[in-house]
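Engineer: Numbering (our numbering), first residue to last: 1 to 436.
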Ligand SMILES: [Zn+2]
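1. Report yes if the C-beta distance between residue 128 and residue 140 is below 8 Å; otherwise report no.
2. What residue from 416, 339, 231, 214 has the CA that sits closest to residue 173's CA?
3. Under the rule that 16 or more other beta-carbon atoms within 10 Å means buried, what is residue 103, buried or exposed?
4. Whole-angstrom Cβ separation of residue 438 and residue 152, contact assumed at under 8 Å?
5. Here's the rule I'm using: 16 or more other beta-carbon atoms within 10 Å means buried, otherwise exposed. How should residue 299 be labelled?
6. Would you kindly work out how many angstroms separate the C-alpha atoms of residue 312 and residue 385, rounded to a whole number?
7. Output the distance between the C-alpha atoms of residue 349 and residue 277, rounded to the nearest integer angstrom.
8. Which value, in whole angstroms, describes the spacing of the CA atoms of residue 263 and residue 113?
9. Could you have a look at residue 318 and say whether DSSP puts it in helix, strand or coil?
10. Along the chain, where does the beta strand (DSSP E) that runs through residue 333 open and close?
11. Mind checking who residue 373 pairs with in its DSSP beta bridge?
12. Less than 7 Å separating the Cβ of residue 321 from some heavy atom of ligand 1?
13. My parser needs the alpha helix (DSSP H) runs of 4 or more residues fully inside the region 95-127; what are they?
14. Report the residue from 54, 37, 373 whose alpha carbon sits nearest the alpha carbon of residue 315.
15. If I measure Cβ to Cβ from residue 221 and keep anything under 7 Å in the same chain, skipping five residues before and after, which residues do I get?
16. Assuming residue 262 is part of the alpha helix (DSSP H), what are its boundary residues?
17. Do residue 338 and residue 363 come within 8 Å of each other at the CB atom, strictly closer than that value?
18. Unbroken beta strand (DSSP E) runs of length 3 or more, entirely within the region 120-182: which are they?
19. Could you confirm whether any beta carbon from chain D is found closer than 8 Å to the beta carbon of residue 173?
20. Which first and last residues belong to the alpha helix (DSSP H) in which residue 226 is found?
21. Output the boundary residues of the alpha helix (DSSP H) element that contains residue 354.
22. Can you tell me whether residue 300 is helix, strand or coil according to DSSP?
23. Does the distance between the C-beta of residue 357 and the nearest non-hydrogen atom of ligand 1 fall short of 7 Å?
24. On the premise that residue 137 lies in contact with residue 247, defined as a C-beta separation below 8 Å, what is that separation, rounded to the nearest angstrom?
25. To the nearest angstrom, how far is the alpha carbon of residue 179 from that of residue 187?
26. Per DSSP, what kind of secondary structure is residue 63 in: helix, strand or coil?
27. On a CA-only basis, which of 91, 125, 289, 228 is nearest residue 165? Give me that one, please.
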């Protein structure tokens, strides 16, 4: 297929802004009034969140912010790729709306030296490139394969922020624009700074956290590293929220997945099948749900930065059911993640029976008043539509642009190479089972 040049893609975008009926017009087909504020969207990405885990917790009265949000949103299980895939590939598919063969993010290290793949690997534009071309801004932080952070219209904070904290100078290219680097780096949280009192929230009441850490230093280091990284990105988002990079505000937490890789097995194994120290199992079995209690607090804080009816999507890239044998080996991810959308286009409390991973990008674009492209295989979610959504969604679907591929990022550099940082990353990828 012929890929349209950048100029004609932009012309198409501008034409569409005129064709699309404005939000708030009840889908009546009126042209967008000149000067109407462009639609904004908050996206909260929770890596590996799964209703199989969240539903029982909400039923217990836990996760109050996610539960309240769900009541305001249309929601359903999100069908991810099968065979199961890894998070970088899945998030790149969510962010670009095209398949891995097109966007190119399908591996995490390359060559015999296992060099981590860098941001130059993206061969398709992400949603921030697409809306940036339409003059709109994005904040995105911590997304996979975003080192070095490349110039976008808005702010990008690389997923390398937690690494190399022992260096004298931060790695070049952690943040774009560069001018925010000092502020962003100052948001890093030192994993060793947590006190036993702070860590106690992840353990059953009455557990002596100090002696438990002495007994299980590896597990504690993992918890410290994961929570510090997530808290760091929360602090970054808190700092950047006032930078006017919020047409699309993309807040992402990797920790829920990493915590699950580290600790879900304590839940997944029945007590009778547990052959190690029962005290160990008892100490860690509640850690994943307790981590989600914290995630819920973080979600509540991020939601509180925006108006109570701010259009918002909360989404994961896959589910998580804990380790189980499947064919060739052990798998931990699961096929169904979560999808929730709060918008005037969807019915509050509505049920979405079928949403696939490739539908997420077209839906996010529609929520931003932009059409998906014809070369995006997914569809705008068309269930649980409000009367306004029934007017608008078919109209946006009918007016797809040919392709956004011409907006793919200009090649970015390789950033700075630091063998110690690369090894930190390989260590993390190994702990996730992504590399050997
Ligand atoms: Zn994972």
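Beta carbons: idealized from backbone N, C-alpha and C, even for Gly. Keep in mind the model is a prediction, meaning the values are calculated, not measured.
Structural biologist: Once the coordinates are examined:
1. yes
2. 416
3. buried
4. Absent from the structure is residue 438, since the part of the chain shown begins at 1 and ends at 436.
5. buried
6. 15 Å
7. 44 Å
8. 29 Å
9. coil
10. 329-334
11. 401
12. no
13. 100-103
14. 54
15. none
16. 255-268
17. no
18. 138-141, 154-157
19. Of the protein chains in the structure, only one exists, and it is not chain D.
20. 217-240
21. Premise fails: residue 354 is in no alpha helix (DSSP H) and is neither H nor E.
22. helix
23. no
24. 5 Å
25. 15 Å
26. coil
27. 228
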